[in-house]
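Trainee: I have a structure here, written as C-alpha coordinates, and I will follow up with some questions on it.
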Amino acid sequence: MTSASAPTPQQLTRGRVAAGLVALEAMAIAGFAVFYLVELVLGEGQDPMIVIMSVVTMLVFVVGLGYVAAGLRRRHPRAQAPAIAFNGLLVPLGIALFQFAPAWLAATVLIAAVVTIVSVIGMGRLD
18 MTSASAPTPQ QLTRGRVAAG LVALEAMAIA GFAVFYLVEL VLGEGQDPMI VIMSVVTMLV
78 FVVGLGYVAA GLRRRHPRAQ APAIAFNGLL VPLGIALFQF APAWLAATVL IAAVVTIVSV
138 IGMGRLD
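In the working numbering, the protein residues as written are 18 to 144.
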(Lines of atoms letter the chains of each structure in order from A; the text may use other names.)
(Lines give C-alpha, C1' and ligand atoms only; values in the text may rest on other atoms or scores of the structure.)
Protein backbone atom coordinates (compact mmCIF):
# COMPACT_ATOMS: atom_id res chain seq x y z
CA MET A 18 0.00 0.00 0.00
CA THR A 19 1.38 3.41 -0.91
CA SER A 20 1.34 6.28 1.50
CA ALA A 21 -0.60 9.37 0.56
CA SER A 22 1.46 12.37 -0.44
CA ALA A 23 1.21 15.56 1.55
CA PRO A 24 -1.47 17.96 0.32
CA THR A 25 -0.34 20.97 -1.66
CA PRO A 26 -0.99 24.48 -0.31
CA GLN A 27 -3.64 24.89 -3.02
CA GLN A 28 -5.44 21.74 -1.85
CA LEU A 29 -5.31 22.95 1.75
CA THR A 30 -6.79 26.31 0.72
CA ARG A 31 -9.58 24.62 -1.22
CA GLY A 32 -10.34 22.48 1.81
CA ARG A 33 -10.59 25.54 4.03
CA VAL A 34 -12.87 27.27 1.50
CA ALA A 35 -15.10 24.20 1.27
CA ALA A 36 -15.23 23.82 5.07
CA GLY A 37 -16.07 27.50 5.50
CA LEU A 38 -18.86 27.41 2.93
CA VAL A 39 -20.40 24.26 4.41
CA ALA A 40 -20.21 25.83 7.88
CA LEU A 41 -21.91 28.94 6.48
CA GLU A 42 -24.68 26.77 5.04
CA ALA A 43 -25.15 25.15 8.46
CA MET A 44 -25.37 28.57 10.11
CA ALA A 45 -27.92 29.76 7.54
CA ILE A 46 -30.13 26.74 8.23
CA ALA A 47 -29.72 27.33 11.98
CA GLY A 48 -30.89 30.90 11.42
CA PHE A 49 -34.01 29.64 9.68
CA ALA A 50 -34.65 27.26 12.58
CA VAL A 51 -34.43 30.15 15.04
CA PHE A 52 -36.76 32.20 12.84
CA TYR A 53 -39.30 29.35 12.84
CA LEU A 54 -39.09 29.08 16.63
CA VAL A 55 -39.62 32.83 17.04
CA GLU A 56 -42.64 32.61 14.73
CA LEU A 57 -43.97 29.73 16.85
CA VAL A 58 -43.52 31.65 20.11
CA LEU A 59 -45.24 34.70 18.63
CA GLY A 60 -48.14 32.54 17.48
CA GLU A 61 -47.58 33.27 13.79
CA GLY A 62 -47.14 29.63 12.72
CA GLN A 63 -50.26 28.07 11.23
CA ASP A 64 -49.71 24.57 12.62
CA PRO A 65 -47.38 24.20 15.62
CA MET A 66 -46.62 20.54 14.87
CA ILE A 67 -45.47 21.34 11.32
CA VAL A 68 -43.29 24.17 12.63
CA ILE A 69 -41.73 21.94 15.30
CA MET A 70 -41.01 19.13 12.85
CA SER A 71 -39.53 21.63 10.39
CA VAL A 72 -37.23 22.91 13.13
CA VAL A 73 -36.21 19.36 14.07
CA THR A 74 -35.44 18.59 10.42
CA MET A 75 -33.40 21.78 10.08
CA LEU A 76 -31.44 20.98 13.23
CA VAL A 77 -30.62 17.51 11.88
CA PHE A 78 -29.16 19.19 8.80
CA VAL A 79 -27.27 21.70 10.96
CA VAL A 80 -25.63 18.90 12.95
CA GLY A 81 -24.84 16.92 9.81
CA LEU A 82 -23.39 19.88 7.95
CA GLY A 83 -21.43 20.85 11.05
CA TYR A 84 -19.78 17.44 11.07
CA VAL A 85 -19.13 17.67 7.33
CA ALA A 86 -17.50 21.09 7.75
CA ALA A 87 -15.32 19.78 10.58
CA GLY A 88 -14.40 16.74 8.49
CA LEU A 89 -13.45 18.88 5.51
CA ARG A 90 -11.33 21.08 7.75
CA ARG A 91 -9.51 17.97 9.04
CA ARG A 92 -9.35 16.49 5.51
CA HIS A 93 -11.32 13.39 6.54
CA PRO A 94 -12.03 11.22 3.46
CA ARG A 95 -15.67 10.62 4.38
CA ALA A 96 -16.54 14.32 4.44
CA GLN A 97 -16.26 14.88 0.70
CA ALA A 98 -19.24 12.83 -0.51
CA PRO A 99 -21.89 14.43 1.74
CA ALA A 100 -20.56 17.91 0.93
CA ILE A 101 -20.81 17.23 -2.80
CA ALA A 102 -24.23 15.56 -2.47
CA PHE A 103 -25.78 18.35 -0.38
CA ASN A 104 -24.43 21.09 -2.62
CA GLY A 105 -25.42 19.11 -5.69
CA LEU A 106 -29.00 19.41 -4.42
CA LEU A 107 -28.53 23.16 -3.96
CA VAL A 108 -27.67 23.67 -7.64
CA PRO A 109 -31.21 23.01 -8.97
CA LEU A 110 -32.61 24.91 -5.98
CA GLY A 111 -30.46 27.92 -6.89
CA ILE A 112 -31.65 27.72 -10.49
CA ALA A 113 -35.30 27.46 -9.41
CA LEU A 114 -34.93 30.41 -7.03
CA PHE A 115 -34.47 32.75 -10.00
CA GLN A 116 -38.21 32.34 -10.70
CA PHE A 117 -39.55 33.49 -7.34
CA ALA A 118 -36.76 35.03 -5.24
CA PRO A 119 -34.54 38.07 -5.69
CA ALA A 120 -31.81 37.40 -8.26
CA TRP A 121 -29.05 38.15 -5.74
CA LEU A 122 -30.35 35.41 -3.42
CA ALA A 123 -30.65 32.85 -6.21
CA ALA A 124 -27.19 33.72 -7.51
CA THR A 125 -25.71 33.46 -4.01
CA VAL A 126 -27.15 29.98 -3.46
CA LEU A 127 -26.08 28.81 -6.91
CA ILE A 128 -22.56 30.26 -6.77
CA ALA A 129 -21.94 29.03 -3.22
CA ALA A 130 -23.03 25.51 -4.18
CA VAL A 131 -20.85 25.40 -7.29
CA VAL A 132 -17.82 26.90 -5.51
CA THR A 133 -18.21 24.38 -2.68
CA ILE A 134 -18.40 21.44 -5.09
CA VAL A 135 -15.37 22.67 -7.05
CA SER A 136 -13.44 23.27 -3.81
CA VAL A 137 -14.23 19.81 -2.45
CA ILE A 138 -13.20 18.16 -5.71
CA GLY A 139 -10.09 20.37 -5.78
CA MET A 140 -9.03 18.99 -2.41
CA GLY A 141 -7.94 15.87 -4.23
CA ARG A 142 -8.42 12.32 -3.09
CA LEU A 143 -8.29 12.05 0.70
CA ASP A 144 -6.91 8.78 2.03
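Built from N, CA and C at the ideal position, the CB exists for glycine as well.
According to the neighbour-count rule (16 or more other Cβ atoms, all chains shown, within 10 Å of its Cβ), is T133 buried or exposed?
Mentor: Your numbering for residue 133 matches position 116 in the sequence shown. When all chains shown are included, T133 counts as buried.
Trainee: Can you check which of these residues, G48, Q27, L106, G62, is closest to V79 by C-alpha distance?
Mentor: For the purposes of this step, residue 79 is identified with residue 62 of the sequence shown, where counting begins at 1. Checked all of G48, Q27, L106, G62; the closest Cα to V79 is G48.
Trainee: Please classify S136 as buried or exposed, where buried requires at least 16 neighbouring CB atoms within 10 angstroms.
Mentor: On the sequence shown, residue 136 is found 119 positions in, with the first residue counted as 1. Buried, by the Cβ-count rule.
Trainee: Quick one: grab the DSSP three-state call for R90.
Mentor: Residue mapping note: residue 90 aligns to position 73 of the sequence shown, counting from 1. Helix at R90.
Trainee: Is it buried or exposed for L76, if we count other Cβ within 10 angstroms and need 16 for buried?
Mentor: Counting from one through the sequence shown, the residue named residue 76 turns up at place 59. By the neighbour-count rule (16 or more Cβ atoms within 10 Å), L76 is not buried but exposed.
Trainee: Along the alpha helix (DSSP H) that carries M44, what are the first and last residues, could you check?
Mentor: As a first step, residue 44 is located in the sequence shown; it is residue number 27 there, counting from the start. 26-58 is the span of the alpha helix (DSSP H), which, as asked, contains M44.
Trainee: Ends of the alpha helix (DSSP H) at A98?
Mentor: The count along the sequence shown starts at 1 and reaches residue 98 at position 81. From DSSP, the alpha helix (DSSP H) with A98 extends over 97-117.
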